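Positions in the sequence shown are counted from 1; adding 5 to them yields the numbering used here.
Note that beta-carbon positions come from the ideal geometry of N, C-alpha and C, so glycine has one too.
Values in this document were obtained by computation on a predicted structure and should not be read as measured data.
The structure appears right after this line, and notes come after that.
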Amino acid sequence: MKKLLTVLLALAMIFTLAGCAGESDGGEDTANVPEGWEDHAELIKAAQEEGSLVIYGACEEEYLAAACQHFEELFGITVEYQRLSTGEVQAKIEEENGNPSADALFGGTTDPYNVMASEGLLEAYEAKNASHLLSPMYKHADNLWYGIYTGMLGIMYNKDEVERLGLEIPQDFPDLLDPQYEGLIWLSNYNTAGTAKLVINTIIQKYGHDEGIQYLVDLDKNIEVYTKSGSGPSKNVGTGECVIGIGFMHDVIYQIVDNGYENIGMVLPSSGTTCEIGATAMLKGAAHPNAAKLWIEYALSPDCVNLAKENGSYQFLVIDNAEQPQVAYEYGLDPSNAMDYDFEDATANIKTYVTEVMEAIAAAGTDTADTGRFQVQ
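Given below as structure tokens:
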């Protein structure tokens, strides 16, 4: 009997030691921490305990879906997402006013992010992976948002239609006011698209307030459609429905490379243009705050941003350990050639500028309530 007890005690000690060997030196279970994410083990554990995450995304849906799926596979956290234009995201967050349905934002221009930050709707988070950002300009001063990519604003056109109609190719923003382009230009809706808000700020910063507003009134005479999303013109220029468009050049590259529309031409305005900074942020009042923080770390990692070029998004990346989309350089894009952009003025005044532009267009005789032209769906 004594020998049996001795054997049982020995076996118990073996199993106890084996159990201890399965723990890290600090006693923390790291079984669910992906390789390369060991420095984030504590945050990962807390996020996994929350179990789920909700994202509002303003980048293209193919990239958004791929990023959310990969996050789910990587960390075992269920992700739901909704794709909206940046302006729609801003309006939704402002309406929810501190009680958001989502936990984090992903993609879209930073002008609306800066407005939401100034309204106290974003939550500060000091991300470890922000150490890889290429420049301080790619983050909010108080860590309320972080940049993940940058893209250049420019002019696109359908080569076949331009030739058929005998049009000159516009080389700069002032050229777009030429009467030869009447009813042929597409732009996104100032009320719904972050891209269009960037256009307003760009024009006002280039030409001054009054001259900039007047430019946009004059441009309206040549606009056929204001699409809900900033990528709307690029999606229709290859088919010829849109003859000339204003938008981001990476969206044009997608149409050429992925959809085979080799009849699209691209022009970087000769007097200079601006670059957007596409961002990510955590929402104030997020139901899953740790999962939201982990999302930001993920969005600032190669695991996330290297998915972009594999899913039709050819923006330049802003972290030093990412793989840049070489095809963007092949099409002559270089973000270092962009004009300086006054983010403070854009943040402080964009809502006023949008109102002023829409009122000025209406005063000039345009029906701004025409949803066929000013699209919201």
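Where does the unbroken alpha helix (DSSP H) through residue i begin, and where does it stop?
i      : result
Tyr151 : Looking at the DSSP string, Tyr151 is not in any alpha helix (DSSP H); the run it does join, the beta strand (DSSP E), is Tyr151 to Asn163.
Val381 : Val381 -> no alpha helix (DSSP H), and no H or E assigned at all.
Ile261 : Met254 to Val262
Leu299 : Pro294 to Ala304
Val310 : Pro307 to Val310
Less than 8 angstroms between the CB atoms is what I'm expecting for residue i and residue j, so what's the real figure, rounded?
i      : j      : result
Lys164 : Gly270 : 5 angstroms
Ala71  : Trp300 : Not confirmed; about 14 angstroms, so no contact.
Ala374 : Asn119 : Rounded, the Cβ-Cβ distance is 28 angstroms, inconsistent with contact.
Lys97  : Tyr151 : Wrong, their Cβ atoms sit about 21 angstroms apart, outside the cutoff.
Ile261 : Asp116 : About 27 angstroms; that fails the 8 angstroms criterion.
Glu67  : Gly317 : 5 angstroms
Asp147 : Ala129 : 6 angstroms
Lys226 : Glu187 : 6 angstroms
Leu58  : Ala297 : 7 angstroms
Tell me the DSSP secondary structure of residue i in three-state form.
i      : result
Arg88  : strand
Tyr346 : coil
Ile394 : Nothing can be reported for residue 394, as the shown portion of the chain is limited to 6 through 382.
Ser136 : helix
Leu58  : strand
Glu216 : helix
Val230 : strand
Ser341 : helix
Ser123 : helix
Leu224 : helix
Ile324 : strand
Glu65  : coil
Gly199 : helix
Leu192 : strand
Along the chain, where does the beta strand (DSSP E) containing residue i start, and where does it finish?
i      : result
Gly113 : Ala109 to Thr114
Ala286 : Cys280 to Leu288
Ser239 : Element bounds for Ser239: not the beta strand (DSSP E) but the alpha helix (DSSP H), Gly237 to Val242.
Apply the 10 Å Cβ neighbour rule to residue i and answer buried if 16 or more other Cβ atoms are within range, or exposed otherwise.
i      : result
Asn102 : exposed
Pro330 : buried
Ile49  : buried
Thr244 : exposed
Ser90  : buried
Ser236 : buried
Gly217 : buried
Ala369 : exposed
Pro184 : exposed
His293 : buried
Segment contact flag, the segment 189-196 with the segment 70-81, C-beta cutoff 8 angstroms, min 3 pairs: Segments in contact, no.
Cβ contact (3+ pairs, closer than 8 angstroms) linking the segment 148-162 and the segment 271-287: Here the segment 148-162 lies against the segment 271-287, with 3 or more beta-carbon pairs under 8 angstroms apart.
Sufficient close CB pairs (3 or more, under 8 angstroms) joining the segment 304-311 to the segment 113-127: Result no; under three Cβ-Cβ pairs closer than 8 angstroms.
Cβ pair count under 8 angstroms reaching 3, the segment 353-372 against the segment 207-221: Judged by Cβ distances under 8 angstroms, the segment 353-372 makes contact with the segment 207-221, as three or more pairs qualify.
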